[in-house]
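The sequence shown begins at 604 in my numbering and counts up by one.
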Amino acid sequence: MVVSSVKSSLLSLTKFVHSPREILIFLNNILYEEVKEQKFVSILLCMFESGKGVLKYSSAGHERILIYRTDQTGIPEVEIVKSGGVVLGVIPVVESFLEENTLFLRKGDKVLLYTDGVTEARNSQGEFFGISRLKESFQKYATLPIKEVVHNVHQEIKSFISMQKPYDDITLVGIEKT
(Lines of atoms letter the chains of each structure in order from A and count residues from 1; the text may use other names and numbers.)
(Lines give C-alpha, C1' and ligand atoms only; values in the text may rest on other atoms or scores of the structure.)
Protein backbone atom coordinates (compact mmCIF):
# COMPACT_ATOMS: atom_id res chain seq x y z
CA MET A 1 0.00 0.00 0.00
CA VAL A 2 2.80 2.44 0.84
CA VAL A 3 4.56 1.87 -2.49
CA SER A 4 1.40 2.42 -4.53
CA SER A 5 0.59 5.56 -2.53
CA VAL A 6 4.10 6.94 -3.15
CA LYS A 7 3.98 6.05 -6.84
CA SER A 8 0.60 7.67 -7.50
CA SER A 9 1.53 10.75 -5.46
CA LEU A 10 4.81 11.14 -7.36
CA LEU A 11 3.06 10.86 -10.72
CA SER A 12 0.66 13.63 -9.72
CA LEU A 13 3.18 15.92 -8.02
CA THR A 14 5.79 15.88 -10.79
CA LYS A 15 3.23 17.33 -13.20
CA PHE A 16 3.09 20.68 -11.40
CA VAL A 17 6.00 20.83 -8.92
CA HIS A 18 9.48 21.09 -10.44
CA SER A 19 11.63 21.00 -7.34
CA PRO A 20 12.71 17.59 -5.99
CA ARG A 21 12.84 19.01 -2.44
CA GLU A 22 9.33 20.49 -2.66
CA ILE A 23 7.97 17.21 -4.03
CA LEU A 24 9.48 15.32 -1.08
CA ILE A 25 7.92 17.82 1.35
CA PHE A 26 4.49 17.29 -0.24
CA LEU A 27 5.05 13.54 -0.27
CA ASN A 28 5.96 13.53 3.43
CA ASN A 29 2.74 15.39 4.26
CA ILE A 30 0.71 12.80 2.37
CA LEU A 31 2.54 9.84 3.92
CA TYR A 32 2.47 11.22 7.45
CA GLU A 33 -1.30 11.76 7.27
CA GLU A 34 -2.26 8.60 5.37
CA VAL A 35 0.17 5.94 6.57
CA LYS A 36 -0.14 5.59 10.33
CA GLU A 37 1.46 2.14 10.48
CA GLN A 38 4.96 3.18 11.58
CA LYS A 39 6.20 2.79 8.02
CA PHE A 40 8.62 5.09 6.31
CA VAL A 41 10.03 5.71 2.86
CA SER A 42 13.60 6.50 1.87
CA ILE A 43 13.78 8.10 -1.54
CA LEU A 44 16.22 9.89 -3.79
CA LEU A 45 14.30 12.08 -6.22
CA CYS A 46 16.21 13.30 -9.27
CA MET A 47 15.22 15.54 -12.15
CA PHE A 48 17.59 15.43 -15.11
CA GLU A 49 17.66 18.08 -17.83
CA SER A 50 19.69 16.13 -20.38
CA GLY A 51 20.22 19.02 -22.80
CA LYS A 52 21.78 21.17 -20.09
CA GLY A 53 23.39 18.32 -18.18
CA VAL A 54 21.72 19.46 -14.96
CA LEU A 55 20.76 16.86 -12.37
CA LYS A 56 18.73 18.31 -9.49
CA TYR A 57 18.17 15.98 -6.58
CA SER A 58 16.89 15.74 -3.05
CA SER A 59 17.31 12.80 -0.73
CA ALA A 60 15.12 11.57 2.10
CA GLY A 61 17.37 9.13 3.92
CA HIS A 62 18.52 7.42 0.75
CA GLU A 63 21.89 6.06 -0.36
CA ARG A 64 24.61 8.34 -1.72
CA ILE A 65 25.17 9.02 -5.42
CA LEU A 66 28.18 7.79 -7.37
CA ILE A 67 29.46 9.89 -10.26
CA TYR A 68 32.22 9.00 -12.71
CA ARG A 69 33.95 12.03 -14.18
CA THR A 70 37.33 13.46 -15.03
CA ASP A 71 38.80 15.58 -12.23
CA GLN A 72 40.73 18.87 -12.61
CA THR A 73 43.94 17.00 -13.48
CA GLY A 74 42.26 15.01 -16.25
CA ILE A 75 42.18 11.75 -14.30
CA PRO A 76 38.84 9.89 -14.38
CA GLU A 77 37.54 8.91 -10.96
CA VAL A 78 34.40 7.82 -9.14
CA GLU A 79 33.23 10.36 -6.62
CA ILE A 80 30.78 9.63 -3.79
CA VAL A 81 28.27 12.48 -3.56
CA LYS A 82 26.42 13.12 -0.32
CA SER A 83 22.69 12.75 -0.15
CA GLY A 84 21.31 12.61 3.42
CA GLY A 85 17.96 13.93 4.54
CA VAL A 86 15.43 12.22 6.76
CA VAL A 87 13.11 9.37 5.76
CA LEU A 88 9.54 10.35 4.88
CA GLY A 89 6.39 9.54 6.81
CA VAL A 90 7.88 9.58 10.32
CA ILE A 91 7.72 13.23 11.39
CA PRO A 92 5.17 15.87 10.34
CA VAL A 93 7.62 18.58 9.24
CA VAL A 94 10.73 17.73 7.20
CA GLU A 95 11.64 21.05 5.58
CA SER A 96 14.71 21.68 7.74
CA PHE A 97 16.05 18.16 7.04
CA LEU A 98 15.82 18.19 3.24
CA GLU A 99 18.17 19.91 0.83
CA GLU A 100 18.04 20.34 -2.91
CA ASN A 101 21.36 19.90 -4.66
CA THR A 102 22.51 20.22 -8.25
CA LEU A 103 25.12 18.30 -10.20
CA PHE A 104 26.37 19.74 -13.47
CA LEU A 105 27.26 16.88 -15.78
CA ARG A 106 29.69 17.16 -18.66
CA LYS A 107 29.85 14.94 -21.73
CA GLY A 108 30.97 11.46 -20.68
CA ASP A 109 29.98 11.83 -17.02
CA LYS A 110 28.07 8.88 -15.62
CA VAL A 111 25.89 8.69 -12.52
CA LEU A 112 24.98 5.53 -10.64
CA LEU A 113 21.97 5.48 -8.31
CA TYR A 114 21.21 2.43 -6.20
CA THR A 115 19.06 1.10 -3.39
CA ASP A 116 20.36 0.00 -0.01
CA GLY A 117 19.84 -3.59 -1.14
CA VAL A 118 22.98 -3.14 -3.26
CA THR A 119 25.35 -2.10 -0.47
CA GLU A 120 23.67 -4.43 2.04
CA ALA A 121 23.81 -7.49 -0.25
CA ARG A 122 25.58 -10.27 1.68
CA ASN A 123 27.65 -13.24 0.64
CA SER A 124 27.67 -16.64 2.37
CA GLN A 125 30.29 -15.39 4.88
CA GLY A 126 27.96 -12.56 5.93
CA GLU A 127 30.09 -9.85 4.31
CA PHE A 128 28.29 -6.84 2.80
CA PHE A 129 28.89 -5.81 -0.80
CA GLY A 130 29.32 -2.30 0.59
CA ILE A 131 30.05 1.10 -0.88
CA SER A 132 33.75 0.33 -1.48
CA ARG A 133 33.01 -2.69 -3.69
CA LEU A 134 30.28 -0.78 -5.48
CA LYS A 135 32.61 2.15 -6.17
CA GLU A 136 35.35 -0.23 -7.36
CA SER A 137 32.93 -2.10 -9.64
CA PHE A 138 31.58 1.15 -11.10
CA GLN A 139 35.14 2.38 -11.73
CA LYS A 140 36.03 -0.90 -13.47
CA TYR A 141 33.22 -0.61 -16.04
CA ALA A 142 32.75 3.18 -16.21
CA THR A 143 34.24 3.55 -19.70
CA LEU A 144 31.47 1.38 -21.17
CA PRO A 145 28.05 2.71 -22.23
CA ILE A 146 25.86 3.22 -19.15
CA LYS A 147 23.54 0.31 -19.96
CA GLU A 148 26.53 -2.05 -19.91
CA VAL A 149 27.89 -0.42 -16.74
CA VAL A 150 24.63 -1.14 -14.92
CA HIS A 151 24.47 -4.68 -16.29
CA ASN A 152 28.07 -5.51 -15.33
CA VAL A 153 27.82 -4.00 -11.85
CA HIS A 154 24.60 -5.97 -11.29
CA GLN A 155 26.38 -9.15 -12.42
CA GLU A 156 29.20 -8.49 -9.92
CA ILE A 157 26.66 -8.13 -7.11
CA LYS A 158 24.97 -11.39 -8.14
CA SER A 159 28.35 -13.11 -8.29
CA PHE A 160 29.27 -11.74 -4.85
CA ILE A 161 26.11 -13.03 -3.16
CA SER A 162 26.30 -16.27 -5.17
CA MET A 163 23.49 -18.57 -4.05
CA GLN A 164 22.36 -16.31 -1.19
CA LYS A 165 18.84 -14.97 -1.45
CA PRO A 166 18.89 -11.15 -1.53
CA TYR A 167 17.60 -9.69 1.72
CA ASP A 168 16.29 -6.57 -0.05
CA ASP A 169 15.69 -5.35 -3.59
CA ILE A 170 18.79 -4.75 -5.68
CA THR A 171 18.13 -1.81 -7.97
CA LEU A 172 20.64 0.18 -10.04
CA VAL A 173 19.88 3.18 -12.25
CA GLY A 174 22.45 4.76 -14.55
CA ILE A 175 22.55 8.19 -16.17
CA GLU A 176 25.05 9.23 -18.83
CA LYS A 177 25.57 12.72 -20.24
CA THR A 178 26.07 12.30 -23.99
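Note that beta-carbon positions come from the ideal geometry of N, C-alpha and C, so glycine has one too.
query: Please report the straight-line C-alpha distance between residue 727 and residue 754, rounded to a whole angstrom.; result: 22 Å
query: Below 8 Å CB to CB, which residues in the same chain sit around residue 608 once its five sequence neighbours on both sides are set aside?; result: 633, 634, 637 and 638
query: Assign residue 712 to one of two classes, buried (16 or more other C-beta atoms within 10 Å of its C-beta) or exposed (fewer than that).; result: buried
query: By Cβ distance, which residues of its chain are closer than 7 Å to residue 648, with the 5 residues on each side in sequence left out?; result: 623, 626, 627, 660 and 661
query: According to DSSP, is residue 769 part of a helix, a strand, or is it coil?; result: coil
query: Can you tell me where the alpha helix (DSSP H) with residue 764 in it begins and where it stops?; result: 749-764
query: Where do the N-terminal and C-terminal ends of the beta strand (DSSP E) with residue 733 fall, by residue?; result: That residue, residue 733, is in no beta strand (DSSP E); its alpha helix (DSSP H) goes 733-744.
query: Find out if the Cβ-Cβ distance for the pair residue 629, residue 645 is shorter than 9 Å.; result: no
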